[in-house]
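Each remark here refers to the structure printed beneath this line.
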Amino acid sequence: MSSENILEISGLSVSYGGIRAVKEISFGVPKGKVVTLIGANGAGKSSTLRAIVGLEKPAGGSILFNGAELSGLSTDAIVEKGITLVPEGRRVFPNLSVLENLKIGAYMRKDDLTADIAWVYGLFPRLKERSWQKAGTLSGGEQQMLAIGRALMSKPAVIMMDEPSLGLAPIIVQGVFDIIREINRQGVTILLVEQNANMALKAADLACVMETGTITMRGTGAELLENDEIRAAYLGKTKK
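Using the working numbering, the first residue of the sequence shown is number 28, and each one after it goes up by one.
Here is the structure:
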C-alpha cells in the first residue's frame, strides 16, 4: 500500500448473479484529497462504493483502509473505523426532524455530540434554521445537505458520496460542490461518484473514468478536464 493512500483498492470485483458489475479495478485514495469516479450509468461506480462500505460482498480483490483489510467486515464496523457513505437519493428519514436525522448519523458514537452538531450547522446554516422541521418537508437541496451532514456526524476520515448533485437545480449543485470543497479543506478525504463530470473533475485532485466495470482512464481532475476524449464523451464539447 502506498504510504500516502488512506484507502487502497486492489483487483476489486463485484458480481450480481452471473453479471460482473466491477471487474478487478485498482485505485488509491490519498489522504486529504478528493478523488472522483466518473462514467455513464451502469459503469460500476455505485457498486464500487457499496463494496467499500460493506453493503456488497466483493467477489474478489482487496480493500485496505489505513493498511487494514476491510473485506468481510460489517457496514457498522467499517463506519466505526472511519468510512461513511452518502447514498444516492439522499435517503433521509422523512418523519424525523433535521436534528433527529443528524443524531442518527452518530449512532455508533457514545461521546457528546454538541460540538459536531454545531460544526454541521456551521457548514449548513439552512439546516440550523430548520432544526425541528421534518426532513420530508425539506427541498431536494436541503435534503442533500442533511444527508451529507448526517454522514459527517460519524466523524469519518473518508466520506464517500454517490451522485450528490442528482436531481438538483444547477444553482443548488454549485452550493453542494462548494460544501464538498469546504469539507475537504477541513481535513476529510472524499471519494466522489458523480455523473456531472464537469463539476466532479473541477473539484477532484484525482479522477478515474469507469466504463462497463473497468477503469479506462485516470489522471488529475485538471488533466481529464482537458482531455479531448473526456470532453467529447462526458462534457459534450471539444477544445477549440
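All C-beta atoms, glycine included, are put in the ideal place defined by N, C-alpha and C.
Which of helix, strand or coil DSSP assigns to LYS60: The answer is coil: DSSP assigns LYS60 none of H, G, I, E or B.
For THR216, collect the residues of the same chain with a Cβ closer than 7 Å to its Cβ; drop the 5 residues on either side in sequence, then sort them by chain order. Excluding positions up to five away in sequence, the list reads ILE33, VAL56, LYS58, GLY59, LYS60, ALA184, VAL185.
State yes or no: is the C-beta of ALA174 within less than 7 Å of the C-beta of VAL119? In this structure, VAL119 lies closer than 7 Å to ALA174 by Cβ.
Please determine, among PHE92, MET180, GLY69, the residue with the shortest C-alpha to C-alpha distance to GLU31. Taking only the C-alpha atoms, the option nearest GLU31 is PHE92.
Pair within 7 Å by beta-carbon distance, ALA133 and MET188: Between ALA133 and MET188, the gap from beta carbon to beta carbon reaches 7 Å or more.
Which residue wins for smallest C-alpha separation from GLY44, given the options ALA86, ILE79, ALA249? Closest by alpha carbon: ALA86.
Determine contact between the segment 152-171 and the segment 94-103, defined as no fewer than three beta-carbon pairs at a distance below 8 Å. Cβ pair count under 8 Å is below three, so no.
Leaving aside the five residues before and after THR75 along the sequence, list all residues of the same chain whose C-beta is less than 8 Å from its C-beta, in chain order. If the five residues before and after THR75 are omitted, its C-beta is found closer than 8 Å to the C-beta atoms of ILE36, LEU39, VAL41, VAL49, ILE52, LEU64, VAL220, MET237, all from its own chain and listed in chain order.
Around the C-beta of PRO152, are 16 or more other C-beta atoms found within 10 angstroms, so that it is buried, or is it exposed? It counts as exposed.
Near GLY194, what residues of its chain come up, given a Cβ to Cβ distance below 8 Å and the 5 sequence neighbours on each side ignored? The residues GLY167, in chain order, have a CB closer than 8 Å to that of GLY194 in the same chain once the five nearest residues on each side in sequence are set aside.
Residue range of the alpha helix (DSSP H) that MET172 falls in? Segment 167-179, the alpha helix (DSSP H) holding MET172.
Figure out for me which residue from THR241, CYS235, LEU228, ILE257 has the closest Cα to the Cα of GLY248. Nearest in C-alpha terms to GLY248, of all of THR241, CYS235, LEU228, ILE257, is LEU228.
Could you give the residue range of the beta strand (DSSP E) that holds ASP189? Element bounds for ASP189: 185-189.
Does the separation of the CB atoms of LEU82 and THR102 fall below 7 Å? Yes; because the gap between Cβ atoms is below 7 Å, this pair is in contact.
Length of the line joining the Cα atoms of ARG245 and ARG258: Using only the alpha carbons, I get a separation of about 14 Å.
Going along the chain, which residues of its own chain have a beta-carbon closer than 7 Å to the beta-carbon of PRO121, five neighbours each way excluded? Apart from the 5 residues on each side of it in sequence, PRO121 sits with its Cβ closer than 7 Å to the Cβ of LYS161, ALA162, GLY163 in its chain, given in chain order.
Taking the continuous beta strand (DSSP E) assigned at ILE67, which residues delimit it? Rather than Ile, the amino acid found at residue 67 in this sequence is Ala. Neither: ALA67 is in no beta strand (DSSP E) and is coded neither H nor E.
By a C-beta neighbour count over all protein chains shown, 10 Å radius and 16 as the cutoff for buried, is GLY243 buried or exposed? Checking the sequence, you will find Thr at residue 243 rather than Gly. It is exposed - the Cβ of THR243 has fewer than 16 other Cβ atoms within 10 Å.
For LYS72, count neighbouring C-beta atoms within 10 Å of its own C-beta (all shown protein chains included) and say buried if the count is 16 or more, exposed if not. Taking every protein chain shown into account, the CB of LYS72 has 16 or more other CB atoms within 10 angstroms, so this residue is buried.
CB-CB length for LEU150 against ILE206, believed under 8 Å: By a beta-carbon distance limit of 8 Å, LEU150 contacts ILE206. Their separation comes to about 6 Å.
Element boundaries [alpha helix (DSSP H), containing ARG2]: Residue coverage of the chain in this structure runs from 28 to 267, which leaves residue 2 outside it and unanswerable.
Compute the minimum distance between the beta carbon of GLY194 and the heavy atoms of the ligand ADP, and state whether it is under 6 Å. No copy of the ligand ADP occurs in the structure displayed, which carries no ligand at all.
Please report the residue range of the alpha helix (DSSP H) in which LEU252 lies. Per DSSP, LEU252 belongs to the alpha helix (DSSP H) from 248-252.
If you compare alpha carbons, which of GLN222, LYS108, ILE144 is closest to GLU127? When each option's Cα is compared against that of GLU127, the closest is ILE144.
May I have the straight-line CA-CA distance separating PHE204 from VAL80, to the nearest angstrom? In a straight line, the C-alpha of PHE204 is about 22 Å away from that of VAL80.
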